[in-house]
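**Student:** Top to bottom, those sequences are chains V and B. Quick note on my numbering: the first sequence kicks off at 359 and runs consecutively. Quick note on my numbering: the second sequence kicks off at 495 and runs consecutively. Before I ask anything, here is the structure I am working with.
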Amino acid sequence: MTLPPAGGYGISTDERESARQSTHLADPVLAAPALAASAPAQGAKRLELRHISKSFGGVRVLQDVSLELGTGEVVGLLGDNGAGKSTLIKIITGVHQPDEGEILFRGQRVEGLTVQRARQLGIETVFQERALADQLPLWRNIFIGRPVSGPLGFLKVGDMRRMTSELMGESMGFTSAVLTPNTVVKGLSGGERQGLAIVRALHFQAEIIILDEPTMGLSLKETEKLVRFVEGIRAAGKSAIFIDHNIFHVYSVSDRIVVLDRGRVAGQFPTSRYSLDELMDIMREVAATGTFTEQERYRLEDRTPEATTGSSEDHE
Amino acid sequence: MNPAVATATPSRSRSPITAFASAWASQIGITIAFLALWLAFIIGAPSTFLSDRIYLAFAQTTPYFAIVALFLTMVIIAGDIDLSFISEMSLSLVGFVFTWQATGSVELGILAALLVGALCGLFNGLIVTYIGIPSLVVTIGTQFLFGGLTLVLVNGKSYPLVATNTAFSYGLLAGKIGTIPIQFFWLVALAVVAWVLLNRHRLGQNAYVIGDNPQAAQLMGIPMRRTRITLFVLTGMAAALAASMNALSLNNFYPNLGSGYLLPTLAAVFVGGTSVFGGRGSIYGTFLGAFMIGGIQAGIVAVGLTDYYTQFVYGAVVLAAVSVHAILQRRFE
Numbered sequence: 359m360t361l362p363p364a365g366g367y368g369i370s371t372d373e374r375e376s377a378r379q380s381t382h383l384a385d386p387v388l389a390a391p392a393l394a395a396s397a398p399a400q401g402a403k404r405l406e407l408r409h410i411s412k413s414f415g416g417v418r419v420l421q422d423v424s425l426e427l428g429t430g431e432v433v434g435l436l437g438d439n440g441a442g443k444s445t446l447i448k449i450i451t452g453v454h455q456p457d458e459g460e461i462l463f464r465g466q467r468v469e470g471l472t473v474q475r476a477r478q479l480g481i482e483t484v485f486q487e488r489a490l491a492d493q494l495p496l497w498r499n500i501f502i503g504r505p506v507s508g509p510l511g512f513l514k515v516g517d518m519r520r521m522t523s524e525l526m527g528e529s530m531g532f533t534s535a536v537l538t539p540n541t542v543v544k545g546l547s548g549g550e551r552q553g554l555a556i557v558r559a560l561h562f563q564a565e566i567i568i569l570d571e572p573t574m575g576l577s578l579k580e581t582e583k584l585v586r587f588v589e590g591i592r593a594a595g596k597s598a599i600f601i602d603h604n605i606f607h608v609y610s611v612s613d614r615i616v617v618l619d620r621g622r623v624a625g626q627f628p629t630s631r632y633s634l635d636e637l638m639d640i641m642r643e644v645a646a647t648g649t650f651t652e653q654e655r656y657r658l659e660d661r662t663p664e665a666t667t668g669s670s671e672d673h674e
Numbered sequence: 495m496n497p498a499v500a501t502a503t504p505s506r507s508r509s510p511i512t513a514f515a516s517a518w519a520s521q522i523g524i525t526i527a528f529l530a531l532w533l534a535f536i537i538g539a540p541s542t543f544l545s546d547r548i549y550l551a552f553a554q555t556t557p558y559f560a561i562v563a564l565f566l567t568m569v570i571i572a573g574d575i576d577l578s579f580i581s582e583m584s585l586s587l588v589g590f591v592f593t594w595q596a597t598g599s600v601e602l603g604i605l606a607a608l609l610v611g612a613l614c615g616l617f618n619g620l621i622v623t624y625i626g627i628p629s630l631v632v633t634i635g636t637q638f639l640f641g642g643l644t645l646v647l648v649n650g651k652s653y654p655l656v657a658t659n660t661a662f663s664y665g666l667l668a669g670k671i672g673t674i675p676i677q678f679f680w681l682v683a684l685a686v687v688a689w690v691l692l693n694r695h696r697l698g699q700n701a702y703v704i705g706d707n708p709q710a711a712q713l714m715g716i717p718m719r720r721t722r723i724t725l726f727v728l729t730g731m732a733a734a735l736a737a738s739m740n741a742l743s744l745n746n747f748y749p750n751l752g753s754g755y756l757l758p759t760l761a762a763v764f765v766g767g768t769s770v771f772g773g774r775g776s777i778y779g780t781f782l783g784a785f786m787i788g789g790i791q792a793g794i795v796a797v798g799l800t801d802y803y804t805q806f807v808y809g810a811v812v813l814a815a816v817s818v819h820a821i822l823q824r825r826f827e
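As structure tokens, then:
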């Protein structure tokens with residue numbers, strides 16, 4: 359089977375555009391500079407979380423978490439099970455509302471973020487298989503939550519089938535004749551499902567792409583493809599948050615790694631300044647103690663005073 | 495290279511026939527079952543099942559529960575269930591009778607019945623979605639609540655409705671077009687409406703996703719509460735309409751008018767291939783399922799068995815149908 363080039367997921371500025379001209383958009387060389395030009399200057403804050411706290415039934419899941427995401431930046435979010443990664447993602451995507459703190463999108467404060475609103479703002483999430491409806495055909499899955507419909511809510515089924523068919527051929531690389539827009543998702547392989555989830559996120563105007571444990575259940579080869587895909591996101595001037603518990607996957611694609619531990623930001627580390635080995639030492643220490651020793655902190659701060667920002671001071 | 499999609503597509507070679515069977519397994523299954531049952535009745539009682547009289551009778555009696563079954567199908571596809579519709583039928587008729595007696599207008603009575611049905615559905619939906627109790631439990635509760643309220647309001651009495659027979663809307667709900675009872679045309683029209691809502695409208699798309707994977711529905715921002723409440727309201731209105739037809743046709747309202755329809759309605763939905771687990775089901779299946787269930791009672795008597803066999807055969811048909819659906823699903827998907 360032939361695979362389209364990187365960026366072939368059709369990172370598009372306009373959903374109709376991507377359906378009609380996906381051959382154009384499938385070419386990263388053409389697509390990326392145009393998008394980057396219209397985006398704000400590199401490094402501008404696309405998303406900012408300030409002092410976010412969230413409790414469920416009296417259990418503090420997130421405590422005073424602050425996080426920034428720049429334009430064209432890929433942030434890796436690392437943390438053990440129960441560190442609060444999923445909750446943080448669900449707050450960014452509008453599934454949960456924070457108890458305290460604020461969310462800023464392009465410098466504008468957003469109140470009462472809902473899933474619909476987050477999507478309008480261009481926050482798209484690849485939730486892996488968890489957000490696919492198994493018994494429904496591919497075309498219905500692509501358009502979950504925002505079907506193409508007329509003014510009275512009647513679906514434009516033909517349009518959706520056609521767009522799905524185009525996306526399948528050009529962006530997902532589904533070339534098998536067995537798979538049609540009417541194929542039920544249940545029969546897809548893990549990789550195919552993931553392709554579907556990613557295409558679904560990118561088909562719509564996405565500025566921030568959140569990948570929630572995207573390597574889970576993938577083969578090595580599939581993981582390599584995923585890494586190249588994340589690199590394509592950055593090249594197109596989009597931003598991404600890459601969540602995983604595997605430091606190897608996260609390190610290779612992230613500009614900066616944020617370590618979450620027991621609901622707090624334990625530290626932030628630009629990958630340009632820290633080697634993988636150093637980060638692994640830090641992770642081990644965080645896992646054991648929930649924070650760094652003073653000695654470690656001085657060592658880090660000495661080297662990169664700006665690297666450990668705001669929230670890590672909470673651990674004093 | 496295309497990144498994430500992984501997929502050396504496994505060698506899944508399927509013949510076009512298998513692909514067709516896979517896509518339509520459920521519909522093909524119910525169609526075969528329908529034809530088989532029909533054939534059995536024709537062979538068993540040719541004089542009855544080859545004359546048009548029995549079909550004219552079905553055309554009148556089947557819609558009384560089939561109309562509710564159509565909308566109940568959507569409720570079940572969305573992962574809920576509604577067992578209160580039999581009491582919604584009775585309570586909505588209280589609205590009909592009181593309004594009709596107060597105003598003398600059958601039309602206003604019917605509107606009142608529809609309003610009561612919608613309010614009952616809204617009540618179910620609000621409790622299920624906002625208090626967060628499974629609909630099975632809620633609608634068992636409201637079955638008693640609405641039924642009890644009916645008895646209290648009418649003091650257990652029944653009301654003759656003979657005086658409605660001259661009204662225009664009597665003909666609309668209980669008349670005939672040619673020799674064919676008008677109830678049948680209502681059923682066909684509402685089946686089309688239900689099919690469009692389920693397959694060609696946001697409501698149906700959302701219902702399927704909620705029933706298939708509630709977590710996905712939440713993560714993808716589907717208006718879950720609104721969708722589920724809407725489906726309960728539609729079922730309540732369908733119950734009110736079916737009950738109005740039934741009472742007008744019988745020229746009588748009695749407080750437990752709905753009680754005989756619980757099992758046939760549910761049976762029609764499940765025989766039609768709708769999954770009790772949600773996410774799967776069709777209007778086509780329910781439509782045929784309703785006529786299978788509707789035909790059984792007449793068929794049993796016609797082939798020379800006593801009426802006592804009716805429930806036994808209902809049970810056998812329902813179990814056979816759901817088993818076949820389950821097997822077909824595993825075999826082809």
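Virtual Cβ for every residue (Gly too), placed ideally from N, Cα, C. Source: prediction; values computed, not measured.
1) Given a limit of 9 angstroms on CB to CB distance, which residues of the region 467–482 of chain V reach chain B?
2) What does a CB cutoff of less than 7 angstroms around residue 641(B) pick up in its chain, not counting 5 residues either side in sequence?
3) Measure the alpha-carbon distance for residue 686(B) versus residue 613(V) and round it to whole angstroms.
4) Over the uninterrupted beta strand (DSSP E) stretch that includes residue 424(V), give me the two end residues.
5) Are there 16 or more other CB atoms within 10 angstroms of the CB of residue 723(V), so buried, or fewer, so exposed?
6) Mapping the DSSP letters down to three states, classify residue 664(B) as helix, strand or coil.
7) Less than 8 angstroms between the beta carbons of residue 543(V) and residue 490(V), yes or no?
8) Between the region 608–615 of chain B and the region 718–733 of chain B, do three or more beta carbon pairs fall short of 8 angstroms?
9) Does residue 557(B) come out as helix, strand or coil in the three-state DSSP assignment?
10) Report buried or exposed for residue 555(V), applying the criterion of at least 16 other Cβ atoms within 10 angstroms of its Cβ.
11) Using a 10 Å radius around the Cβ and a threshold of 16 neighbouring Cβ atoms, would you call residue 495(V) buried or exposed?
12) Based on the DSSP output, what are the partners of residue 434(V) in its beta bridges?
13) Could you tell me the boundaries of the beta strand (DSSP E) in which residue 458(V) lies?
14) Nearer than 7 angstroms: is that true of the beta carbon of residue 614(B) relative to any heavy atom of the ligand MG?
15) Among the residues of its own chain, which have a CB less than 6 angstroms from the CB of residue 518(V), if the five just before and after it don't count?
16) What is the residue span of the alpha helix (DSSP H) that residue 640(B) lies within?
17) Quick one: does residue 742(B) have its CB under 8 angstroms from some CB of chain V?
18) Counting only Cβ-Cβ distances shorter than 7 angstroms, please list the residues of the region 503–528 of chain V near chain B, keeping chain order.
19) Is residue 569(V) closer than 8 angstroms to residue 585(V) when the C-beta atoms are compared?
20) Which same chain residues, not among the five before or five after residue 472(V), have their C-beta less than 8 angstroms away from its C-beta?
21) Which runs of the alpha helix (DSSP H) spanning at least 4 residues fall entirely within the region 459–529 of chain V, listed in chain order?
22) Give the range of the alpha helix (DSSP H) segment to which residue 679(B) is assigned.
23) To the nearest angstrom, how far is it from the Cα of residue 724(B) to the Cα of residue 711(B)?
24) List the whole-angstrom C-beta distance separating residue 603(V) from residue 581(V), where the pair is believed to meet the contact cut-off of C-beta under 8 angstroms.
25) Which residue from 651(B), 644(B), 793(B) puts its Cα closest to that of residue 545(B)?
26) Between which two residues does the beta strand (DSSP E) holding residue 624(V) run?
27) Under 9 angstroms between beta-carbons, which chain B residues line up against residue 626(V)? List them in chain order, please.
28) Any beta-carbon of chain B closer than 8 angstroms to the one on residue 608(V)?
29) By Cβ distance below 7 angstroms, which residues in the same chain neighbour residue 398(V) in space, the five residues on each side in sequence not counted?
30) Let me see if you follow: with CB-CB separation under 8 angstroms, is residue 493(V) close to chain B or not?
31) Can you tell me whether residue 404(V) is buried or exposed? The criterion is at least 16 other CB atoms within 10 Å of its CB, across all chains shown.
32) Less than 8 angstroms between the beta carbons of residue 759(B) and residue 559(B), yes or no?
33) Listed in chain order, which residues of the region 688–701 of chain B have Cβ atoms closer than 9 angstroms to some Cβ of chain V?
34) Taking only beta-carbon positions, decide if residue 714(B) is within less than 8 angstroms of chain V.
35) Output, in sequence order along the chain, the residues in the region 785–809 of chain B whose CB is closer than 7 angstroms to any CB in chain V.
**Tutor:** According to the structure shown:
1) 472, 473, 474, 475, 476, 477
2) As a first step, residue 641(B) must be located in the second sequence, where it is residue number 147. Non-local C-beta neighbours of residue 641(B) in its own chain, meaning closer than 7 angstroms and more than five positions away in sequence, comprise 581, 584, ordered along the chain.
3) In the second sequence, counting from the first residue as 1, residue 686(B) sits at position 192. In the first sequence, counting from the first residue as 1, residue 613(V) sits at position 255. Rounded to whole angstroms, residue 686(B) to residue 613(V) spans 55 angstroms at the Cα level.
4) Counting from 1 along the first sequence, the entry for residue 424(V) is found at position 66. Its beta strand (DSSP E) spans residues 417–428.
5) This structure leaves residue 723(V) out entirely; chain V is present only between 359 and 674.
6) In the second sequence, counting from the first residue as 1, residue 664(B) sits at position 170. Three-state result, residue 664(B): helix.
7) For the purposes of this step, residue 543(V) is identified with residue 185 of the first sequence, where counting begins at 1. For the purposes of this step, residue 490(V) is identified with residue 132 of the first sequence, where counting begins at 1. Result yes, Cβ atoms of residue 543(V) and residue 490(V) sit closer than 8 angstroms.
8) yes
9) In the second sequence, residue 557(B) corresponds to position 63, counting from 1. Secondary structure at residue 557(B): helix, using DSSP grouped into helix, strand and coil.
10) Counting from one through the first sequence, the residue named residue 555(V) turns up at place 197. It is buried - the Cβ of residue 555(V) has at least 16 other Cβ atoms within 10 Å.
11) In the first sequence, residue 495(V) corresponds to position 137, counting from 1. Buried.
12) By one-based count along the first sequence, residue 434(V) stands at place 76. Looking at the DSSP output, residue 434(V) sits in a beta bridge with 600(V), 615(V).
13) As a first step, residue 458(V) is located in the first sequence; it is residue number 100 there, counting from the start. Residue 458(V) -> beta strand (DSSP E) spans 458–463.
14) Questions concerning the ligand MG fall outside what the structure shown contains, since it holds no ligand whatsoever.
15) The residue you call residue 518(V) lines up with position 160 of the first sequence. Closer than 6 angstroms at Cβ, skipping near neighbours: 497, 501, 506.
16) Sequence index remark: in the second sequence, residue 640(B) carries index 146 (1-based). 629–648 is the extent of the alpha helix (DSSP H) around residue 640(B).
17) Taking the second sequence and counting its residues from 1, the one referred to as residue 742(B) is at position 248. No, its Cβ sits nowhere closer than 8 angstroms to a Cβ of chain V.
18) 503, 505, 507, 511, 512, 513, 515
19) Walking along the first sequence from the start, residue 585(V) turns up at place 227. Walking along the first sequence from the start, residue 569(V) turns up at place 211. Result no, Cβ atoms of residue 585(V) and residue 569(V) do not sit closer than 8 angstroms.
20) Against the first sequence, residue 472(V) aligns to sequence position 114. Taking residue 472(V) as the centre and dropping the five residues before and after it, the same chain places the C-beta of 452 closer than 8 angstroms to its C-beta, in chain order.
21) 473–478, 496–500, 515–525
22) Here residue 679(B) is taken as the residue at index 185 of the second sequence, counted from 1. Element bounds for residue 679(B): 676–693.
23) In the second sequence, the residue the question calls residue 724(B) occupies position 230. In the second sequence, the residue the question calls residue 711(B) occupies position 217. Using only the alpha carbons, I get a separation of about 16 angstroms.
24) In the first sequence, the residue the question calls residue 603(V) occupies position 245. In the first sequence, the residue the question calls residue 581(V) occupies position 223. 14 angstroms between Cβ atoms; not a contact.
25) The residue given as residue 545(B) occupies position 51 in the second sequence. When only C-alpha atoms are compared, the closest one is 793(B).
26) As a first step, residue 624(V) must be located in the first sequence, where it is residue number 266. Start and end: 622–628.
27) As a position in the first sequence, residue 626(V) is number 268, starting the count at 1. Within 9 angstroms Cβ-Cβ: nothing; residue 626(V) doesn't reach chain B, min ~26 angstroms.
28) As a working note, residue 608(V) is residue 250 in the first sequence. Not closer than 8 angstroms to any Cβ of chain B, the Cβ of residue 608(V) fails to qualify, so no.
29) Residue 398(V) sits at position 40 when you count from the first residue of the first sequence. Note that residue 398(V) scores 42 on pLDDT, short of 50, meaning its location in the model is unreliable; the coordinates nonetheless yield the value given after this. Correct list, in chain order: 429.
30) The residue you call residue 493(V) lines up with position 135 of the first sequence. It does; some Cβ of chain B falls within 8 angstroms.
31) Looking up residue 404(V) in the first sequence gives position 46. Residue 404(V) should be labelled buried.
32) As a working note, residue 759(B) is residue 265 in the second sequence. As a working note, residue 559(B) is residue 65 in the second sequence. Going by C-beta atoms, residue 759(B) is nearer than 8 angstroms to residue 559(B).
33) For the region 688–701 of chain B, the beta-carbon criterion of a distance under 9 angstroms to any beta-carbon of chain V is satisfied by 690, 693, 694, 695, 696, 697, 698, 699, 700.
34) Translated into positions along the second sequence, residue 714(B) becomes position 220. At least one chain V Cβ lies under 8 angstroms of residue 714(B).
35) Cβ contacts with chain V come from no residue of the region 785–809 of chain B.
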